[in-house]
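Numbering (the working numbering), first residue to last: 18 to 385.
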Ligand code: THG
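In structure tokens:
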């Protein structure tokens, strides 16, 4: 039976919820105590549409943490092993955030406005408390708060065409993971070339909830002939693309090396960040497990509650954390955490799914 989740003020609406509901959203999940759509038509229909046309996604749940003040850059670098010293003030960086044991607390996108003003566009964990606690404990001169900013993503191969109609031809000059401020009616928004799909696209950081619905309505009005539809991060597409989901594919028990984020944690001379010793030790020893793309043979799998044991000769050697049937690749695609010794491409394992035991194979890379 399908259950419903009861609403109350603790489960926050977004500035775009009126548009999302008028468009007939069929399912939500909860992310940062806010509503995140997961299905409009059905997951496969949404998937094909995303790969062919253009979608507008309410990703307000990607809440921002603003660091504002003289010590903002110092605090930002304390938070992540990624070297930010050369980061420009129009750049966005995917940054692992780790604790003193080198364990993942979040995997956000950091947006640099200037040395004294940053946003951290967070995944699903209460990172604000950690950042505020650090700033207070270290006596830093910086304000840390959640501003009234709600990202709206425009994703898909026709995203450039749609964005140009609203924001002008400058949108084509924005490079991947860069941002500029562009005018909209009597205001302006940070617009970045980024998003949680590999179909190309933009993220508009809508500052001021009152501007949400006017922007939503404009995008749908001017994009009609582009076949624009409401969408959301798509389970199938994001697994094919190897985009990780905090809380699903990794948790506070995992390290960035285990998550395949080692390239963002290169030890550098003079870099001061939390977890440095723990990460250096792990880098020397090698991670105990690592995220892999895994194909699962047989009929389409259709179960949302993953965490399925991966076994070799009867012993558990990992788990599948996200899985879906891929219409384009005609196999079940999945993301799993696999123990050292079993993660080489081509390794054949057994996965215990709610639909029975299946053969699984470790892939060289994801499906894009
Ligand atoms: N956009 C913004 N905020 C976000 C997300 C987003 N916050 C929550 C969540 N998503 C954070 N997690 C991710 C995971 C992957 C990516 C972005 C945010 C991503 N990765 C690319 C990749 O893996 O190929 C690029 C990474 C890189 O090379 O820098 O885009 O989606 N605003």
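Think of the CB as a built atom: it goes at the ideal place given N, C-alpha and C, for glycine as much as any other residue.
Remember, it's a predicted structure, so these values are computed and weren't measured experimentally.
Once the 5 residues before and after residue i are set aside, which same chain residues still bring their CB inside 8 angstroms of it?
{"i": "residue 217", "result": "172, 173, 174, 176, 177"}
{"i": "residue 57", "result": "40, 41, 42, 43, 63, 246, 247, 248, 249"}
{"i": "residue 228", "result": "32, 201, 202, 204, 206"}
{"i": "residue 344", "result": "61, 64, 65, 253"}
{"i": "residue 106", "result": "129, 130, 131, 132"}
Please work out which residues of its chain come closer than 6 angstroms, Cβ to Cβ, to residue i, disregarding the five sequence neighbours upstream and downstream, and give them in chain order.
{"i": "residue 37", "result": "54, 75"}
{"i": "residue 209", "result": "109, 196, 220"}
{"i": "residue 136", "result": "81, 83, 128"}
{"i": "residue 188", "result": "180, 181"}
Suppose you measure from the CA of residue i to the CA of residue j; what does that come to, to the nearest Å?
{"i": "residue 192", "j": "residue 199", "result": "15 angstroms"}
{"i": "residue 355", "j": "residue 334", "result": "6 angstroms"}
{"i": "residue 93", "j": "residue 84", "result": "8 angstroms"}
{"i": "residue 98", "j": "residue 240", "result": "41 angstroms"}
{"i": "residue 34", "j": "residue 237", "result": "15 angstroms"}
{"i": "residue 230", "j": "residue 66", "result": "23 angstroms"}
{"i": "residue 281", "j": "residue 211", "result": "17 angstroms"}
{"i": "residue 225", "j": "residue 46", "result": "24 angstroms"}
{"i": "residue 267", "j": "residue 324", "result": "11 angstroms"}
{"i": "residue 261", "j": "residue 339", "result": "9 angstroms"}
{"i": "residue 166", "j": "residue 138", "result": "10 angstroms"}
{"i": "residue 331", "j": "residue 368", "result": "10 angstroms"}
{"i": "residue 161", "j": "residue 269", "result": "22 angstroms"}
{"i": "residue 126", "j": "residue 374", "result": "37 angstroms"}
{"i": "residue 365", "j": "residue 321", "result": "23 angstroms"}
{"i": "residue 258", "j": "residue 385", "result": "6 angstroms"}
{"i": "residue 390", "j": "residue 152", "result": "Because the chain here runs from 18 to 385, residue 390 falls outside it and cannot be looked at."}
{"i": "residue 363", "j": "residue 29", "result": "44 angstroms"}
{"i": "residue 256", "j": "residue 341", "result": "8 angstroms"}
{"i": "residue 186", "j": "residue 307", "result": "42 angstroms"}
{"i": "residue 158", "j": "residue 352", "result": "41 angstroms"}
{"i": "residue 329", "j": "residue 378", "result": "11 angstroms"}
{"i": "residue 327", "j": "residue 279", "result": "24 angstroms"}
Any idea what DSSP makes of residue i, helix, strand or coil?
{"i": "residue 299", "result": "helix"}
{"i": "residue 181", "result": "helix"}
{"i": "residue 77", "result": "coil"}
{"i": "residue 129", "result": "strand"}
{"i": "residue 395", "result": "For the chain, the structure presents residues 18 to 385; residue 395 sits outside this window and is missing."}
{"i": "residue 20", "result": "coil"}
{"i": "residue 191", "result": "coil"}
{"i": "residue 93", "result": "helix"}
{"i": "residue 376", "result": "strand"}
{"i": "residue 54", "result": "strand"}
{"i": "residue 248", "result": "strand"}
{"i": "residue 369", "result": "strand"}
{"i": "residue 153", "result": "helix"}
Grab the span of the alpha helix (DSSP H) containing residue i for me, first residue to last.
{"i": "residue 327", "result": "Element bounds for residue 327: not the alpha helix (DSSP H) but the beta strand (DSSP E), 325-329."}
{"i": "residue 68", "result": "60-69"}
{"i": "residue 37", "result": "34-39"}
{"i": "residue 254", "result": "252-257"}
{"i": "residue 186", "result": "No alpha helix (DSSP H) holds residue 186; DSSP gives it neither H nor E."}
{"i": "residue 238", "result": "229-239"}
From which residue to which residue does the beta strand (DSSP E) around residue i run?
{"i": "residue 334", "result": "332-343"}
{"i": "residue 356", "result": "348-356"}
{"i": "residue 218", "result": "218-224"}
{"i": "residue 307", "result": "306-313"}
{"i": "residue 121", "result": "121-123"}
{"i": "residue 138", "result": "134-138"}
Excluding the 5 residues preceding and the 5 following residue i in the sequence, name in chain order all residues of the same chain whose CB lies nearer than 7 angstroms to its CB.
{"i": "residue 163", "result": "80, 81, 82, 145"}
{"i": "residue 235", "result": "183"}
{"i": "residue 48", "result": "78, 141"}
**OP:** Report yes or no: do three or more beta-carbon pairs, one from the region 267-279 and one from the region 80-89, lie closer than 8 angstroms?
**Re:** no
Original post:
Are there three or more Cβ pairs, one per stretch, closer than 8 angstroms when the region 289-308 is compared with the region 114-121?
Top reply: yes
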